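Protein sequence lines, in the order shown, are assigned to chains L and X.
Per UniProt numbering, residue 1 is the first one in the first sequence, and the count goes up by one each step.
Per UniProt numbering, residue 1 is the first one in the second sequence, and the count goes up by one each step.
Backbone N, C-alpha and C define an ideal beta-carbon position, used for all residues, glycine too.
Being a predicted model, the structure only gives us computed values, none of them experimental.
Protein chains: 2
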Amino acid sequence: MADTRTKLLEAALETLRKQGIAGVSARTIAAEAGVNQALVFYHFGSVDQLLGAAIEHGSQQRIALYRERFAAVGTLRELLDLGRSLHTEERAAGSVAALAQVLAGGQTDPKLAPATTVGLNLWIAEVEQALSRVLAASPLVEFVDVGGLAKATAAAFVGLELYEGVDAEGAGQALDALEDLAVLVSALEDMGPLVRRAVRARLRRTQDHS
Amino acid sequence: MADTRTKLLEAALETLRKQGIAGVSARTIAAEAGVNQALVFYHFGSVDQLLGAAIEHGSQQRIALYRERFAAVGTLRELLDLGRSLHTEERAAGSVAALAQVLAGGQTDPKLAPATTVGLNLWIAEVEQALSRVLAASPLVEFVDVGGLAKATAAAFVGLELYEGVDAEGAGQALDALEDLAVLVSALEDMGPLVRRAVRARLRRTQDHS
DNA sequence: GTCTATACTGTGATAGAC
DNA sequence: GTCTATCACAGTATAGAC
Numbered sequence: 001m002a003d004t005r006t007k008l009l010e011a012a013l014e015t016l017r018k019q020g021i022a023g024v025s026a027r028t029i030a031a032e033a034g035v036n037q038a039l040v041f042y043h044f045g046s047v048d049q050l051l052g053a054a055i056e057h058g059s060q061q062r063i064a065l066y067r068e069r070f071a072a073v074g075t076l077r078e079l080l081d082l083g084r085s086l087h088t089e090e091r092a093a094g095s096v097a098a099l100a101q102v103l104a105g106g107q108t109d110p111k112l113a114p115a116t117t118v119g120l121n122l123w124i125a126e127v128e129q130a131l132s133r134v135l136a137a138s139p140l141v142e143f144v145d146v147g148g149l150a151k152a153t154a155a156a157f158v159g160l161e162l163y164e165g166v167d168a169e170g171a172g173q174a175l176d177a178l179e180d181l182a183v184l185v186s187a188l189e190d191m192g193p194l195v196r197r198a199v200r201a202r203l204r205r206t207q208d209h210s
Numbered sequence: 001m002a003d004t005r006t007k008l009l010e011a012a013l014e015t016l017r018k019q020g021i022a023g024v025s026a027r028t029i030a031a032e033a034g035v036n037q038a039l040v041f042y043h044f045g046s047v048d049q050l051l052g053a054a055i056e057h058g059s060q061q062r063i064a065l066y067r068e069r070f071a072a073v074g075t076l077r078e079l080l081d082l083g084r085s086l087h088t089e090e091r092a093a094g095s096v097a098a099l100a101q102v103l104a105g106g107q108t109d110p111k112l113a114p115a116t117t118v119g120l121n122l123w124i125a126e127v128e129q130a131l132s133r134v135l136a137a138s139p140l141v142e143f144v145d146v147g148g149l150a151k152a153t154a155a156a157f158v159g160l161e162l163y164e165g166v167d168a169e170g171a172g173q174a175l176d177a178l179e180d181l182a183v184l185v186s187a188l189e190d191m192g193p194l195v196r197r198a199v200r201a202r203l204r205r206t207q208d209h210s
């Protein structure tokens, strides 16, 4: 049996998932946790602070669950497979759905923004490590900032998860297209030197034009 | 001077942007419109239905504003430039921010989901047209579904806009990385036949392995 | 630490005057 | 079409009994 603090943290995540950012309140969270509403303020001071703590708590827990699978990734193909099952698993019961909700809330509530960034960065760090391993042999690393690419990947991932929530079929098509795109990137690795030369030529030409 | 219906539609968008999905209510919207709260229910039946109508209204208006610029896009470089200024313009005063909020709300409120899809599809259609023009000469069209790619692009775009709302610097890095990636795709066009051959070889090999 | 009780404000929605 | 008035309920937050 978990203590009340932990029960509230977990109930906050569950409520974010089931009711969304518009549906969370001290009352709904406390009801989910099976405790009194006043304890939210006793333990966390305000609903916002509870949400912030919950996101950090949840992301850390959830990432620990995926860490081994991230570490096992060696190719782009494997990274994509992990991304797709992560997408499926997280949407239903994970913390990315909750993260997406505070991300939306953080747009207008400055108190939520820092916690959201912390939660996102935990994922980004994991993606960046996997990406730099996967792309080590690729001509891409020469031209693209892997840190930035990891951030873009994480942001796009959240966007796709939200998209899936309102149009599952459309999201499926989007994911399929991205997989096709990945085959192309794999092909680039087979022709590394050629690509490098072409990109350099392209960069020169672009600079001349400007 | 606009009629009350229109004032409510526009006020709903403005409230979504300024207060987020968690902050919209018949009262906040009516206050923004400068009319009485009861008129929300008289004209739209419920807050949800007003939000749905507002998203559709806003997306259509906003896209009309961008239509010429979408039509003028002929290269990937131009599409990226449009995407970046669209990103900047929409975040501050546009309808994508509002769309992102109902997208988050639609995860848990089934009544919001259809309207969100309609709004998103308006953007997706525009992106798809531009993409198919831009990629016409690229070897990509042979291997990647452009419709799916447009959906992925729109979803990623919304994700990046939300990301920007909580971490502007990180979002900037993400966008920069995506631009670098685009140079690579441009380079591919310069070597179309070669790439086509490499991808086909890669596809054959992948099939053998499975 | 946890509960009850309470204050005050916000919310969706309706009835009815104008 | 627009307003005022009103309803019953949900929201944050605090004080104080246990």
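For residue i, which three-state DSSP category applies?
i, result
"residue 145 of chain L", "coil"
"residue 114 of chain X", "helix"
"residue 181 of chain X", "helix"
"residue 167 of chain X", "coil"
"residue 29 of chain X", "helix"
"residue 4 of chain X", "helix"
"residue 109 of chain X", "coil"
"residue 193 of chain X", "helix"
"residue 61 of chain L", "helix"
"residue 37 of chain X", "coil"
"residue 199 of chain X", "helix"
"residue 75 of chain X", "coil"
"residue 22 of chain X", "coil"
"residue 85 of chain L", "helix"
"residue 186 of chain X", "helix"
"residue 104 of chain X", "helix"
"residue 136 of chain L", "coil"
"residue 159 of chain L", "helix"
"residue 45 of chain L", "coil"
"residue 119 of chain L", "helix"
Label residue i either buried or exposed according to how many other C-beta atoms from any shown protein chain fall within 10 Å of its C-beta, with 16 as the threshold for buried.
i, result
"residue 42 of chain X", "exposed"
"residue 186 of chain L", "buried"
"residue 110 of chain X", "exposed"
"residue 45 of chain X", "exposed"
"residue 206 of chain L", "exposed"
"residue 85 of chain L", "exposed"
"residue 112 of chain X", "buried"
"residue 116 of chain X", "buried"
"residue 6 of chain X", "exposed"
"residue 32 of chain L", "buried"
"residue 249 of chain X", "Any question about residue 249 of chain X goes unanswered here, given that chain X covers just 1 to 210."
"residue 108 of chain L", "buried"
"residue 93 of chain L", "exposed"
"residue 54 of chain X", "buried"
"residue 142 of chain L", "exposed"
"residue 91 of chain L", "buried"
"residue 148 of chain X", "buried"
"residue 135 of chain X", "buried"
"residue 65 of chain X", "exposed"
"residue 202 of chain X", "buried"
"residue 38 of chain X", "exposed"
"residue 52 of chain L", "buried"
Review point. Okay, do the region 59 to 66 of chain X and the region 18 to 29 of chain X touch, 3+ Cβ pairs below 8 Å being the bar?
Key: Cβ pair count under 8 Å is below three, so no.
Review point. Can we say the region 145 to 156 of chain L touches the region 149 to 160 of chain X, given the rule of at least three CB pairs closer than 8 Å?
Key: They touch, by the three-pair rule.
Point to revise | Positions along the region 141 to 161 of chain X whose CB lies within less than 9 Å of some CB in chain L | key: Within the region 141 to 161 of chain X, the residues whose Cβ lies closer than 9 Å to some Cβ of chain L are 143, 144, 145, 146, 147, 148, 149, 150, 151, 152, 153, 154, 155, 156, 157, 158, 159, 160 and 161, listed in chain order.
Check your understanding: Should the region 116 to 132 of chain L be called in touch with the region 67 to 78 of chain L, which here means at least 3 C-beta pairs below 8 Å?
Key -> Counting C-beta pairs closer than 8 Å gives three or more between the region 116 to 132 of chain L and the region 67 to 78 of chain L, which meets the contact rule.
Check your understanding: Mind listing which residues of the UniProt domain "HTH tetR-type" (2 to 62) of chain L have their C-beta closer than 7 Å to chain X's C-betas, in chain order?
Key -> Hits within the stretch, in order: 18, 19, 20, 21, 22 and 23.
Review point. Which of the residues in the region 187 to 202 of chain L, read from start to end, lie with their CB under 8 Å from any CB of chain X?
Key: Those would be 187, 188, 190, 191, 194, 195, 198, 199, 201 and 202, in chain order.
Point to revise | Validate contact between the region 4 to 11 of chain L and the region 25 to 36 of chain L using beta carbons, cut 8 Å, 3 pairs | key: Judged by Cβ distances under 8 Å, the region 4 to 11 of chain L makes contact with the region 25 to 36 of chain L, as three or more pairs qualify.
**Study point:** Where the region 93 to 104 of chain X meets chain L: residues whose CB sits under 8 Å from a CB there
**Key:** For the region 93 to 104 of chain X, the set of residues with a beta-carbon nearer than 8 Å to any beta-carbon of chain L comprises 97, 100, 101, 103 and 104, in chain order.
**Study point:** Cβ-based contacts, 9 Å cut-off: residues of the region 164 to 177 of chain L near chain X
**Key:** Identification of residues in the region 164 to 177 of chain L having a C-beta nearer than 9 Å to some C-beta of chain X yields 164, 165, 166, 167, 170, 171, 172, 173, 174, 175, 176 and 177, given in sequence order.
Point to revise | Touching by the beta-carbon criterion (3+ pairs, under 8 Å), the region 106 to 123 of chain X and the region 159 to 179 of chain L | key: Yes, the region 106 to 123 of chain X is in contact with the region 159 to 179 of chain L.
Review point. If we count Cβ pairs, one from each stretch, closer than 8 Å, do we get three or more for the region 79 to 93 of chain L versus the region 171 to 188 of chain L?
Key: Judged by pairs of C-beta atoms under 8 Å, the region 79 to 93 of chain L touches the region 171 to 188 of chain L, as three or more such pairs exist.
Check your understanding: Any contact of the region 94 to 108 of chain L with the region 100 to 110 of chain X, i.e. 3+ C-beta pairs under 8 Å?
Key -> Put simply, the region 94 to 108 of chain L touches the region 100 to 110 of chain X. At least three CB pairs are less than 8 Å apart.
Check your understanding: Any residues in the region 59 to 85 of chain X with a beta carbon nearer than 9 Å to a beta carbon of chain L? Which ones, in chain order?
Key -> Result list: 77.
Exercise for review: Please list the residues of the region 116 to 132 of chain X that have a C-beta atom closer than 9 Å to any C-beta atom in chain L, keeping them in chain order.
Suggested key: Contact residues of the region 116 to 132 of chain X toward chain L are 116, 117, 120, 121 and 124 (C-beta to C-beta distance below 9 Å).
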